[in-house]
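Asks:
2 protein chains.
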Amino acid sequence: MTDKGKRAKVDEDEGAELDPELVMAIEKLQEVQDDLERVNEEASDKVLEVEQRYNEIRRPVYNKRNEIIHNIPDFWLTAFLSHPVLNELLSDEDQKVFKYLESLDVEDFKDVKSGYSITFAFKPNPYFEDAKLTKIFKFSDEGTTSVTGSVPKWKDGMDLTNGVVAEKENHKRAHAEDSFFKWFGDSAQKESLEGIQDEVSTFFLVAEVIKDDLWPNPLKYFNNEADEEEYEDDEEAEDDEDDAGKGAEELDDEEEEPDEDEEDDES
Amino acid sequence: MTDKGKRAKVDEDEGAELDPELVMAIEKLQEVQDDLERVNEEASDKVLEVEQRYNEIRRPVYNKRNEIIHNIPDFWLTAFLSHPVLNELLSDEDQKVFKYLESLDVEDFKDVKSGYSITFAFKPNPYFEDAKLTKIFKFSDEGTTSVTGSVPKWKDGMDLTNGVVAEKENHKRAHAEDSFFKWFGDSAQKESLEGIQDEVSTFFLVAEVIKDDLWPNPLKYFNNEADEEEYEDDEEAEDDEDDAGKGAEELDDEEEEPDEDEEDDES
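Note that the protein sequences, when read in sequence, are chains A and B. Residues in the first sequence are numbered from 1 upward in steps of one, following full-length UniProt numbering. Residues in the second sequence are numbered from 1 upward in steps of one, following full-length UniProt numbering.
1. What would DSSP say about A43/B, mapped onto helix, strand or coil?
2. According to the Cβ coordinates, are I68/A and A25/B closer than 8 angstroms?
3. Identify the contact partners of N217/B in chain A, using a Cβ-Cβ distance below 7 angstroms as the criterion.
4. Does the Cβ of K113/B have 16 or more other Cβ atoms within 10 Å, making it buried, or fewer, making it exposed?
5. Note down, in chain order, all residues in the stretch 92 to 103 of chain A with a beta-carbon under 8 angstroms from any beta-carbon belonging to chain B.
6. Quick check for students: name the residue ranges of the alpha helix (DSSP H) that lie wholly in the stretch 113 to 187 of chain A, counting only runs of 4 or more.
7. Which bits of chain A does V112/B rub up against, with CB to CB less than 9 angstroms?
8. If you follow the beta strand (DSSP E) that S91/B is part of, which residue opens it and which one closes it?
9. Tell me which residues share the same chain as E107/B and place their Cβ nearer than 7 angstroms to its Cβ, disregarding the 5 neighbours each side in the sequence.
10. By Cβ distance, which residues of its chain are closer than 7 angstroms to residue 277/A, with the 5 residues on each side in sequence left out?
11. Going straight from the alpha carbon of N66/B to that of E88/B, what length do you get?
12. Per the DSSP calculation, residue 268/A is bridged to which residue(s)?
13. Taking C-alpha atoms, which residue in S103/B, E27/B and V61/B lies nearest to P73/B?
14. Pop quiz: P152/B and F181/B are said to be a contact at Cβ under 8 angstroms. What is the actual Cβ separation, rounded to whole angstroms?
15. Between G94/B and S150/B, which are expected to be in contact by the criterion C-beta below 8 angstroms, what is the C-beta distance as a whole number of angstroms?
16. For a contact meaning CB atoms closer than 7 angstroms, what does N87/A contact in chain B?
17. To the nearest angstrom, how far is it from the Cα of L29/B to the Cα of N63/B?
18. Quick one: Cα of F137/A to Cα of E49/A, how far?
19. Are the C-beta of N224/A and some C-beta of chain B separated by less than 8 angstroms?
20. Roughly how far, in whole angstroms, is the beta-carbon of L36/B from the beta-carbon of V23/A, given that I think they are within contact range, below 8 angstroms?
21. With H, G and I counted as helix, E and B as strand and the rest as coil, what does DSSP make of E225/A?
22. Of the residues that make up the stretch 37 to 51 of chain A, which ones have a beta carbon closer than 8 angstroms to any beta carbon in chain B?
23. Taking all protein chains shown into account, do 16 or more other C-beta atoms lie within 10 angstroms of the C-beta of P218/B, making it buried, or fewer, making it exposed?
24. Of all the options Q33/B, M158/B and Y54/B, which has the alpha carbon lying nearest to the alpha carbon of E41/A?
25. Is there a C-beta anywhere in chain B that falls below 8 angstroms from the one on V61/A?
26. Against A25/B, what residues of chain A qualify as contacts under a CB-to-CB distance less than 7 angstroms, listed in chain order?
27. Count the other CB atoms within 10 Å of the CB of D242/B; is the residue buried (16 or more) or exposed (fewer)?
28. Compare the C-beta of Y127/A against all C-beta atoms of chain B and say whether one is closer than 8 angstroms.
29. Let me confirm a value: E225/A is counted as buried when at least 16 other C-beta atoms fall within 10 Å, else exposed. Which label applies?
30. Using a Cβ-Cβ distance under 8 angstroms, would Y116/A count as near chain B?
31. Just how far apart, CA to CA, sit L101/B and D45/A?
32. Report the residue from T148/B, F120/B, V39/B and D105/B whose alpha carbon sits nearest the alpha carbon of D186/B.
33. Looking at the unbroken beta strand (DSSP E) that takes in K108/B, where does it start and where does it end?
34. Got a sec: is the Cβ-Cβ distance from I210/A to anything in chain B below 8 angstroms?
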């Protein structure tokens, strides 16, 4: 009986080709692959440990940076407006809200691999009640990213995301048609790289640009040093930061108001 | 005098807005960015150290795997032909050459970050003199990749890359029109992600698929387990490898000839 069963199995498998030595070799090969898998997992864990350790080292430096930035008027507004991607997202009204932006913070979750948050803190302002607007990105083990965000509690008649304020003031829009603040309310889930609609992918792009490009070195954009670089060319850009100190001179050039002086002369 | 010089500079800078405190703040900010840059470099170095250490741990496992594979006939040929990208690169003639393929090896340079090599070792064969064909990818600090490769020393009338052999034998081509072996002779330089022509990008794709997909787990392809997975969906695919042991049974399933049993019944 045993023999027959075995025989049948061999027939199924076109046994002529499948000699026991081959089966054995493939089993051994599978064991080696399992070993490799374990080594790879251990390597990933070790890399993660390094990233966690260095995130802890970076945190107080980021905190110190936030304190310094706090004393530079319109720092984040200027950095956003000088950024080739982010500058297209702020409407004229959004820019007025950004005048009240007190701090920006990007924080990995403690284990690094399960997500991060982006927090905008605002001074009391005529637009919304919130002191903070936060967007949270959670990565699952299955490779999906889910997003939650604070929908701003707009004050009466100040909701920038329904277009009312913009129409009322009849602004010419230098930048975005839509409000950046829509981004906080929107939520989405990213399954994997394929099959994302463009809209969703822009949605994640904003987060990734803030986290991976603006946040590591906002001074580069504040100083407008990224102008001549191809935006895609991030790696080389990092080498160009040494002469960033000269940046202050470029500050506020655009807001120059030559008319004021003339009026003074006439009176 | 000093005062005047200072004044002139301030005028240039639209000084009304540029108080010394602001200049100081921006200088401090630059210092913090420099600190961050140092932390980031240290973090990269530590990650690299981990990768180097684990490459050393993997090497003997890969060597052991190569020995096992050596005893499985046509292992690499089968894995190539079962791979959704690589299978399109082997012409009928290439497949005959692959019968002489004795081993495949992918090795990072010792420092990991400066490059890697892909080596195909062949048994003595009627096609070319070389015992090994190697392709070397060198990364520069500036982000470019340069490639060198062994051009096969074809035996008389056996050069698959000039199309002569193929024409002579008047083969219907199930797979590639061009020979895979052209890939060894081609050389190219990749400056950055943007601006690569399609041709160059296919060129690097072959190397990347071999290095990052085939090499980590060729058994998956040999067993034909990757069939139902979207090729792009690599991350999830790795979770599916646990049941790879059953692979031997699936081997050659497609060549099953159901007629045999019926014939047995009739006789």
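Yeah, the Cβ is synthetic: ideal placement off N, Cα and C, and Gly gets one too.
Replies: Reading from the atomic positions:
1. To locate residue 43/B, count along the second sequence from 1; it is residue 43. Residue state, collapsed to three classes: helix.
2. Locating residue 68/A in the first sequence gives position 68, where the first residue counts as 1. Locating residue 25/B in the second sequence gives position 25, where the first residue counts as 1. Taking 8 angstroms as the Cβ cut-off, I68/A and A25/B qualify as a contacting pair.
3. As a working note, residue 217/B is residue 217 in the second sequence. Within chain A, the residues near N217/B are Q33.
4. For this step, residue 113/B is matched to residue 113 along the second sequence. Classification of K113/B: exposed, given that the 10 Å Cβ count is below 16.
5. none
6. 164 to 169 and 182 to 185
7. One-based indexing of the second sequence puts residue 112/B at position 112. Near V112/B there are no residues of chain A at all, since even the closest Cβ is about 12 angstroms away, more than 9 angstroms.
8. Here residue 91/B refers to the residue found at position 91 of the second sequence. Where S91/B is concerned, there is no enclosing beta strand (DSSP E), given that its DSSP letter is neither H nor E.
9. Locating residue 107/B in the second sequence gives position 107, counting from the first residue. Taken in chain order, the residues that qualify are Y116 and S117.
10. For residue 277/A there is no data in the structure shown, the boundaries of chain A being 1 and 267.
11. Position 66 of the second sequence holds residue 66/B. Position 88 of the second sequence holds residue 88/B. Going by the C-alpha atoms only, they are around 24 angstroms apart.
12. For chain A, the structure presents residues 1 to 267; residue 268/A sits outside this window and is missing.
13. Along the second sequence, one-based indexing puts residue 73/B at 73. Nearest option by C-alpha distance: S103/B.
14. Here residue 152/B corresponds to residue number 152 of the second sequence, with the count starting at 1. Here residue 181/B corresponds to residue number 181 of the second sequence, with the count starting at 1. Contact between P152/B and F181/B holds, with the beta-carbon distance rounding to 6 angstroms and staying under 8 angstroms.
15. Here residue 94/B is taken as the residue at index 94 of the second sequence, counted from 1. Here residue 150/B is taken as the residue at index 150 of the second sequence, counted from 1. Per the sequence shown, the amino acid found at residue 94/B is Asp instead of Gly. Not confirmed; about 16 angstroms, so no contact.
16. For the purposes of this step, residue 87/A is taken as the residue at position 87 of the first sequence. Against N87/A, chain B offers no close residue; the least beta-carbon distance is about 20 angstroms (beta-carbon pairs closer than 7 angstroms).
17. Here residue 29/B refers to the residue found at position 29 of the second sequence. Here residue 63/B refers to the residue found at position 63 of the second sequence. Distance between the alpha carbons of L29/B and N63/B: 51 angstroms.
18. Here residue 137/A refers to the residue found at position 137 of the first sequence. Here residue 49/A refers to the residue found at position 49 of the first sequence. Taking the straight line from one Cα to the other gives about 21 angstroms.
19. The residue labelled residue 224/A in the question sits at position 224 within the first sequence. Cβ-Cβ to chain B under 8 angstroms: no for N224/A.
20. For the purposes of this step, residue 36/B is taken as the residue at position 36 of the second sequence. For the purposes of this step, residue 23/A is taken as the residue at position 23 of the first sequence. Contact check for L36/B and V23/A: beta-carbon distance about 55 angstroms, past the 8 angstroms limit, so the pair fails to qualify.
21. By 1-based counting over the first sequence, the position of residue 225/A is 225. In the three-state scheme derived from DSSP, where H, G and I count as helix and E and B as strand, E225/A is classed as coil.
22. Residues of the stretch 37 to 51 of chain A with a C-beta less than 8 angstroms from any C-beta of chain B: E37, V39, N40, E42, A43, K46, V47, V50 and E51, listed in chain order.
23. As a first step, residue 218/B is located in the second sequence; it is residue number 218 there, counting from the start. Buried, because 16 or more other Cβ atoms sit within 10 Å of the Cβ of P218/B.
24. As a position in the first sequence, residue 41/A is number 41, starting the count at 1. Nearest option by C-alpha distance: Y54/B.
25. As a working mapping, residue 61/A is identified with position 61 in the first sequence. Closer than 8 angstroms to some Cβ of chain B, the Cβ of V61/A qualifies, so yes.
26. The count along the second sequence starts at 1 and reaches residue 25/B at position 25. Those are I68, N71 and I72, listed as they occur along chain A.
27. Residue mapping note: residue 242/B aligns to position 242 of the second sequence, counting from 1. Annotation note: pLDDT 40 at D242/B (below 50); position unreliable, coordinate value reported separately. Result: exposed.
28. The residue given as residue 127/A occupies position 127 in the first sequence. No, its Cβ sits nowhere closer than 8 angstroms to a Cβ of chain B.
29. Start at 1 with the first residue of the first sequence, and residue 225/A comes out as number 225. By the neighbour-count rule (16 or more Cβ atoms within 10 Å), E225/A is buried.
30. Here the question's residue 116/A lines up with position 116 in the first sequence. It does not; no Cβ of chain B falls within 8 angstroms.
31. The count along the second sequence starts at 1 and reaches residue 101/B at position 101. The count along the first sequence starts at 1 and reaches residue 45/A at position 45. Their Cα atoms are separated by approximately 36 angstroms.
32. Residue mapping note: residue 186/B aligns to position 186 of the second sequence, counting from 1. Comparing Cα positions, the closest option is T148/B.
33. The count along the second sequence starts at 1 and reaches residue 108/B at position 108. The amino acid at residue 108/B is misidentified as Lys; the sequence shows Asp. Taken as a continuous stretch (DSSP letters only), the beta strand (DSSP E) holding D108/B covers L101 to D108.
34. Residue mapping note: residue 210/A aligns to position 210 of the first sequence, counting from 1. Cβ-Cβ to chain B under 8 angstroms: no for I210/A.
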